[in-house]
Each structure stands twice: as structure tokens, then as C-alpha cells.
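*Asks:* With the sequence shown counted from 1, adding 2 to any position gets you my numbering. One structure, pasted below without further comment.
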Amino acid sequence: MSRVAVAYSGGLDSSLGIELLRRKYKAKSILPITIDVGQGEEEILESRRKAKALKIKPLFFDLRREFTETWIARAIQANSDYLGYPVSTSMTRQIVAKKVAEVALKEGCDAILEGSSGKGNDQYRMHNVFKMFAPGLKILVPVRDFDLTRLEEEVLCREWGVPVTEMITGGDDKTMWCRSIASGAIDLNQPLPDDIWVWYRPPEKAPDKSGHFSLQFERGIPVALNGKRKPLGAIILELNLTGGMHSIGRIDMFEDGIMDLKSREIYEAPAATIILKLHRDLEQFCLTKDEIQFKRGIDQKWAYLVYHGMAYHPLRYDLEAFIETSQKVVNGKYRVKLYKGNMEILYRESKTSLFSPEIRSIKTTGFDQRRCTDAAFIRGLPFEILAKRKVR
Numbered sequence: 003m004s005r006v007a008v009a010y011s012g013g014l015d016s017s018l019g020i021e022l023l024r025r026k027y028k029a030k031s032i033l034p035i036t037i038d039v040g041q042g043e044e045e046i047l048e049s050r051r052k053a054k055a056l057k058i059k060p061l062f063f064d065l066r067r068e069f070t071e072t073w074i075a076r077a078i079q080a081n082s083d084y085l086g087y088p089v090s091t092s093m094t095r096q097i098v099a100k101k102v103a104e105v106a107l108k109e110g111c112d113a114i115l116e117g118s119s120g121k122g123n124d125q126y127r128m129h130n131v132f133k134m135f136a137p138g139l140k141i142l143v144p145v146r147d148f149d150l151t152r153l154e155e156e157v158l159c160r161e162w163g164v165p166v167t168e169m170i171t172g173g174d175d176k177t178m179w180c181r182s183i184a185s186g187a188i189d190l191n192q193p194l195p196d197d198i199w200v201w202y203r204p205p206e207k208a209p210d211k212s213g214h215f216s217l218q219f220e221r222g223i224p225v226a227l228n229g230k231r232k233p234l235g236a237i238i239l240e241l242n243l244t245g246g247m248h249s250i251g252r253i254d255m256f257e258d259g260i261m262d263l264k265s266r267e268i269y270e271a272p273a274a275t276i277i278l279k280l281h282r283d284l285e286q287f288c289l290t291k292d293e294i295q296f297k298r299g300i301d302q303k304w305a306y307l308v309y310h311g312m313a314y315h316p317l318r319y320d321l322e323a324f325i326e327t328s329q330k331v332v333n334g335k336y337r338v339k340l341y342k343g344n345m346e347i348l349y350r351e352s353k354t355s356l357f358s359p360e361i362r363s364i365k366t367t368g369f370d371q372r373r374c375t376d377a378a379f380i381r382g383l384p385f386e387i388l389a390k391r392k393v394r
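The structure is reproduced here in C-alpha cells:
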């Protein structure tokens with residue numbers, strides 16, 4: 003191999019990958035590529051420090067705006083939820099893979115290296131995107147290629163002088179939308195120490211006084227926080243702090259991965275938890291019953307595609323055509339109270355809602371109830387026919 007592009011994050015896997023390219027793959031030229039998808043300034047600075055120690059100069063691309071305004075915005079509109087957690091890492095992996103593939107082709111590379119293991123989901127996500135956007139390039143996955151355990155990786159790093167600062171076994175994958183903690187490395191009944199959290203506070207350490215905020219949606223996307231219009235990214239960052247402080251956003255779950263193997267996964271997602279709950283409520287407020295029921299299947303499929311490494315599959319765009327149309331009427335304002343892990347909606351309003359208490363409420367006349375007698379007769383006919391059948 004003459005020139006290899008590397009999806010370089012500064013983590014243990016991609017850092018070791020640089021040295022493996024030199025020692026084992028015998029690459030003549032290495033092109034590291036670092037992508038900012040909102041993992042935070044501290045992590046970016048740490049990756050640059052490690053790059054300097056490895057004597058590499060990564061190309062840097064800031065894709066935070068694309069991640070928030072394109073991907074997170076669509077994830078909100080699609081109520082993106084895979085088995086109970088907001089889809090996040092799967093989105094960023096494929097955004098990164100697409101950019102790395104495009105740069106690799108432009109720079110004349112003949113291979114791409116990425117740091118997935120052979121036991122996780124990311125190997126499939128990255129592979130699919132590489133094959134779609136750089137189908138002729140060889141894909142190198144050293145952790146999988148050499149069948150390395152985490153301990154073996156750490157030993158190699160120490161032997162070869164590769165900088166390692168991993169504080170949590172399994173890694174810490176952080177974006178503004180959701181943070182994945184020690185992916186797949188948490189044992190069944192292993193307690194979680196309080197110091198692993200970035201935003202979340204346990205209820206006993208949360209304020210004794212409740213927190214309040216207002217949030218406004220337009221076309222299904224948050225546009226204003228506490229009465230001030232802000233970019234989506236700024237709203238998410240602020241809600242992570244507010245929600246986490248009041249014990250919102252801790253997720254401890256069993257996840258069925260792409261290989262249908264279960265793992266215990268820990269996530270931290272205060273803003274996503276808040277926004278998705280309010281968005282679902284707003285859809286229930288504004289969409290018809292038939293739209294809501296149909297959209298649940300669409301939303302599930304959207305999350306499934308993204309999670310399973312099919313973010314650029316044609317079906318995703320087909321699903322989004324429906325999702326986008328449905329959001330035209332998903333507009334409204336909320337006032338919310340947070341207290342020690344609880345989230346209470348205090349007030350909601352929408353000029354496009356279908357809630358009509360003047361017709362439905364039992365407190366008002368609305369319409370002549372006697373008109374429903376004939377409707378009930380017609381709706382009951384199938385059951386009257388069923389009653390005549392002996393088999394129940």
C-alpha cells in the first residue's frame with residue numbers, strides 16, 4: 003500500500019492504527035483525517051496532542067453544523083430511538099466515514115484504515131459507507147485484522163510508545179446529542195460510579211429546587227429556548243447542562259447489536275431525552291391519529307437503517323420525504339419543570355394543533371350526542387355477526 007487514509011480520532015484504536023500502518027502494513031504514506039462532529043474542544047485538543055506525539059499532522063474538518071442541522075434535526079423529526087436510546091454514534095460514524103472516503107479518493111489513497119473492533123457495530127457502518135463512496139479502496143481494520151483484545155492493544159501501545167489516555171475501558175464516545183460510555187465493556191451487574199458522567203447528576207446530588215425552561219418548535223425542530231431564538235446546536239448544549247443537572251438523561255439498557263448479540267450499554271443524553279419527549283408529545287398534539295400510527299413505523303425504520311449502517315441507503319431518503327411533509331404542522335411552545343429525574347410539562351400551546359376541547363369535552367355541549375346512536379349501531383354490526391359464529 004502506498005498511501006492510506008486514517009479515520010483518526012485520537013482514541014486508542016486509531017492511534018495504535020497509525021503505528022500498525024508503519025510496523026505491520028508497511029504503508030509508504032499515511033493521511034490521518036480528524037472530523038469534529040461535536041465531541042467537544044477538550045477531545046479535539048487531546049487528539050492533536052496525541053497526533054503530535056505520533057509525529058502526524060491530520061487534516062481537520064469541522065462537520066458540527068452538518069451533524070446538527072442535517073442529522074440531529076432529522077433524528078428529532080423522526081423521533082429517532084433504537085431500543086430505548088437516541089441514535090447518535092451510528093450517525094457520526096457514517097458522517098465521518100463518508101468524509102474520509104471522499105478525502106481518500108481526492109488525495110489518491112489506495113486504502114482506508116479505521117479503528118473498529120470485530121465485535122462491535124461500527125465495523126459494518128464504516129464498511130458500508132466506504133464501499134458506497136470509495137468502492138475501489140482497500141479497507142483496513144487492524145483490531146479485527148490482528149484479532150486484538152483491549153488488553154493486547156494497551157500492551158502494544160506501551161511497547162511502541164503510543165500515547166494512551168483512555169479513562170474508561172471500552173472508550174468514551176461523546177457527541178452533543180448522546181454520549182456512549184464504555185461500549186460493550188460494562189458487566190451485567192457492575193455498578194456505575196458517579197464520576198463517569200459528564201452532564202448527569204444522580205438525584206441525591208441534584209438541586210433540591212426544581213428547574214424550569216421553555217422550548218419552541220417549528221416544523222418539528224427546536225428553534226428557541228427560554229424565549230430566545232438559537233441554533234439547534236446551542237439549544238442542545240444548554241439543555242445537556244440543564245437536564246443533566248436535574249438527573250435527566252441516564253440510559254442503562256440491553257442493546258441488540260447488528261450481529262444480534264446483546265450487550266449492556268450505558269448512554270448519557272439529557273438534551274436528547276428532553277427534546278424527543280416533547281417532540282413526541284407535540285406530534286400527538288398536532289398530527290391525525292392515522293398519521294401518528296403510520297409514522298411510528300416510518301420512525302422505527304429510519305432508526306433501524308441508521309443504526310445498522312444504512313444511513314445512505316435510498317430507503318432512508320424515501321422515509322424522510324414522508325417525515326418532512328408530516329412536520330409542516332408540528333409547531334408549538336412548551337414550559338417544562340425538571341426535578342430530580344422527573345420531567346413535567348406545565349404548559350403547551352400550538353396554533354396548528356388538532357385539540358378541540360369545545361367539541362370533545364364532556365363539560366360542554368359541543369354536538370348533539372344522540373347523533374352517535376346510529377354510528378354506534380353501524381360500528382357494532384361486525385361484532386353482532388361475530389356473535390353468531392360458534393367458534394370464538
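Where a beta carbon is used, it is the ideal one built from N, C-alpha and C, also for glycine. Keep in mind it's a predicted model, so treat the numbers as computed, not measured.
1. Give the DSSP bridge partners of L33, in chain order.
2. What would DSSP say about K264, mapped onto helix, strand or coil?
3. What I want to know is whether the C-beta of S4 ends up closer than 7 Å to one or more non-hydrogen atoms of the ligand SAH.
4. I114: which of D64, V131 and P205 sits nearest, CA to CA?
5. Just how far apart, CA to CA, sit A271 and P205?
6. Could you spell out where the alpha helix (DSSP H) holding F63 opens and where it closes?
7. Would you list, in sequence order, the uninterrupted alpha helix (DSSP H) runs of no fewer than 4 residues that lie entirely inside the stretch 149-190?
8. Does any CB atom of chain B fall closer than 8 Å to the CB of Y314?
9. If we count Cβ pairs, one from each stretch, closer than 8 Å, do we get three or more for the stretch 98-116 versus the stretch 8-24?
10. Kindly identify the DSSP beta-bridge partner or partners of G334.
11. Classify A136 as buried or exposed, calling it buried when 16 or more other Cβ atoms lie within 10 Å of its own Cβ.
12. In chain order, what are the residue ranges of uninterrupted alpha helix (DSSP H) at least 4 long that sit wholly in the stretch 63-87?
13. For S249, is the classification buried or exposed, using 16 other Cβ atoms within 10 angstroms of its Cβ as the cut-off for buried?
14. Just the Cα atoms here: how many angstroms apart are D149 and G120?
15. F357 by DSSP, collapsed to three states: which one?
16. Below 8 Å on the Cβ atoms is my guess for D83 versus A389; work out the distance and round it to an integer in Å.
17. Which residue from Y341, V308, L280 and H310 puts its Cα closest to that of N333?
18. Please classify G172 as buried or exposed, where buried requires at least 16 other C-beta atoms within 10 Å of its C-beta.
19. Could you give the C-beta distance for L153 and L18, rounded to a whole number, given that I count them as a contact under 8 Å?
20. To the nearest angstrom, how far is the alpha carbon of I300 from that of M312?
*Replies:* Taking the definition as stated:
1. Note: L33 sits in a beta bridge opposite A7.
2. Strand at K264.
3. In the structure shown, the ligand SAH is absent, as is every other ligand, since no ligand is present at all.
4. For I114, the closest of D64, V131 and P205 by C-alpha to C-alpha distance is V131.
5. Going from the Cα of A271 to the Cα of P205 covers about 16 Å.
6. For F63, there is no enclosing alpha helix (DSSP H); the enclosing beta strand (DSSP E) covers residues L61 to D64.
7. Complete alpha helix (DSSP H) runs here, min 4: 152-162.
8. Annotation note: the requested chain B is absent from the structure, which comprises a single protein chain.
9. Flag = yes, the stretch 98-116 and the stretch 8-24 touch.
10. Beta-bridge analysis with DSSP links G334 to F219.
11. Buried.
12. With a minimum length of 4 residues, the unbroken runs of alpha helix (DSSP H) contained wholly in the stretch 63-87 fall at 75-79.
13. Buried: at least 16 other Cβ atoms inside 10 Å.
14. Going by C-alpha positions, D149 is about 8 Å away from G120.
15. Assignment of F357 by DSSP, reduced to helix, strand and coil, places it in the coil class.
16. By a beta-carbon distance limit of 8 Å, D83 does not contact A389. Their separation comes to about 41 Å.
17. Residue L280 is the option with its Cα nearest to N333.
18. Confidence at G172 is low in this model, with a pLDDT of 49, below 50, so its placement is unreliable and no value can be given for it.
19. The Cβ separation is near 13 Å, so there is no contact.
20. Answer to the nearest angstrom: the Cα atoms are 15 Å apart.
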